[in-house]
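To start, the structure itself, in C-alpha cells.
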Amino acid sequence: MSTPVRVEARGAVQWLIIDREARRNAINREVMEALTAGVKAADADPAIRALVLTGAGDKAFCAGGDLQPTADGAPFAVDWADPRNFVVTFFKAVEACGKPLVARVNGHALAGGLGLLCACDLAVAAEHAKFGTPESKVGLYPMMILPYMLRVLPRRRLMEFCITGELFSAAEALDFGLVNYVAPAGELDARLDWLLARILDKSPTGVRLGKMAMRAMEDMTLPQAFEYAQLMLPAMAQTEDAREGFKAFNEKRPPRFTGR
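Residue numbers for the sequence shown follow my numbering, beginning at 2 and rising by one.
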C-alpha cells in the first residue's frame, strides 16, 4: 500500500518526502499525520542530526491543502468535540523538535505549502519555484499558517501577499529572507548537500539548546531575554559537547560530538 510520505534515512539526515506528485504534493490529514510522526521519530533518534522536508518531482514542493468540500459546500469539516487541526499538530511537533529542519523547495510552495516552508529552520529553493498565499481568491485567508509567516516574512509584504493572492519568485523569496539559498534545479541538491555538511559537523547539543533559546526569546521582552541568556549560556557550558568542543579547540583537532 502506498504511503503519502516517504521517510528515508540518508546517513545522519532523515528525509520526509511528500509523495503525491499527481496532486502537486497537496496536504491532507494523512499527509500531515505522517509528517508529524516522521518529525517526532527523527527527533527521538540520536543517529539523526538533521531533517529535510521536500516534495516528489520537480514541479511542486507543496501546493497547499487538498480541499474537499463538505455536504454544505464548505472546504473544511470540523469535529467540535475535538477541534484540533492536523496542521497545527504538525507545527507543534516542529516546535518541539531539537534538530534542524531544512526545506528543499523543489517547486512551487503555495498556501499551506508556504506554511510548511515557514515552519522549517532553513530553506534551499530551486530558482523556478513560485511562492504565494492564493487563499483570498477562494474567499479564505491563510489563517492556519499565519503565525509562522508573521515570524518569517516582512509584515507589509506579507499583508500584500495575503490580500492579493499574487505569487512571487524565488529571487524575491531570497530577498525577503524566506529562503537561505536559491539554485538552478540541476544544482539544488548540491547546494542542499553543501548546507547539510555545514550542519552535521556541529554539536547536536548546542543546536538543540540554541533552537530552544531562540523560540523562548522570540516571545520575551528584551529584559526577559537578557535574564534568560545569562542563565542559559553557563548551563550550556556544562554539557559534554561543550566540554569536548573546548578540549578539541585547545588540542587543535576536530571535535567528536555525541549530542550530550
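Built from N, CA and C at the ideal position, the CB exists for glycine as well.
Fair warning: this is a prediction, and the values are worked out from it, not measured in the lab.
Straight-line gap, residue i to residue j (C-alpha atoms, nearest Å)
i, j, result
"Phe263", "Pro135", "No information on residue 263 is available, as it lies outside the stretch 2 to 261 that the chain covers here."
"Asn86", "Gly65", "15 Å"
"Arg50", "Val208", "10 Å"
"Met237", "Asp194", "28 Å"
"Leu54", "Ser170", "20 Å"
"Thr4", "Glu252", "49 Å"
"Asp190", "Arg30", "28 Å"
"Gln231", "Pro224", "11 Å"
"Thr37", "Tyr142", "24 Å"
"Asn284", "Lys212", "Given a span of 2 to 261 for the chain in the structure shown, any question on residue 284 remains unanswerable."
"Ile19", "Gly260", "29 Å"
"Glu322", "Phe258", "This structure cannot settle anything about residue 322, because the visible part of the chain is limited to 2 through 261."
Integer-rounded CB distance, given that residue j should sit under 8 Å from residue i
i, j, result
"Val88", "Met33", "6 Å"
"Tyr182", "Leu196", "7 Å"
"Pro274", "Asp122", "Beyond the ends of the chain as shown, which are 2 and 261, falls residue 274; an answer cannot be given."
"Leu111", "Gly140", "Incorrect: roughly 16 Å between the Cβ atoms, too far for contact."
"Leu115", "Ile164", "Not confirmed; about 15 Å, so no contact."
"Glu128", "Ala184", "7 Å"
Residue of the options minimising C-alpha distance to residue i
i, options, result
"Tyr229", "Leu210, Arg158, Val14 and Ala243", "Leu210"
"Arg152", "Phe132, Asp67 and Phe177", "Phe177"
"Pro205", "Ala120, Gly99 and Phe247", "Gly99"
"Glu96", "Leu232, Arg216, Val180 and Ala43", "Arg216"
"Glu245", "Met145, Met144, Lys203 and Glu167", "Lys203"
"Leu179", "Ala130, Glu241, Leu154 and Gly140", "Leu154"
"Phe162", "Lys131, Ala249 and Ala186", "Lys131"
Same chain, Cβ closer than 8 Å to residue i, neighbours up to 5 away in sequence not counted
i, result
"Val14", "Ile49, Arg50, Ala51, Leu52, Val53, Leu197 and Leu201"
"Arg24", "Ala64 and Asp67"
Contacting residues, own chain, Cβ-Cβ under 6 Å from residue i (five flanking each side not counted)
i, result
"Glu22", "Ala57 and Gly58"
"Met233", "Ala214"
"Ala104", "Leu54, Leu118, Cys121 and Ala124"
"Trp16", "Glu9 and Val53"
Runs of beta strand (DSSP E) wholly within the region 161-200 (minimum 3 residues, chain order)
As for any beta strand (DSSP E) of minimum length 3 sitting wholly inside the region 161-200, the runs are 182-184, ordered along the chain.
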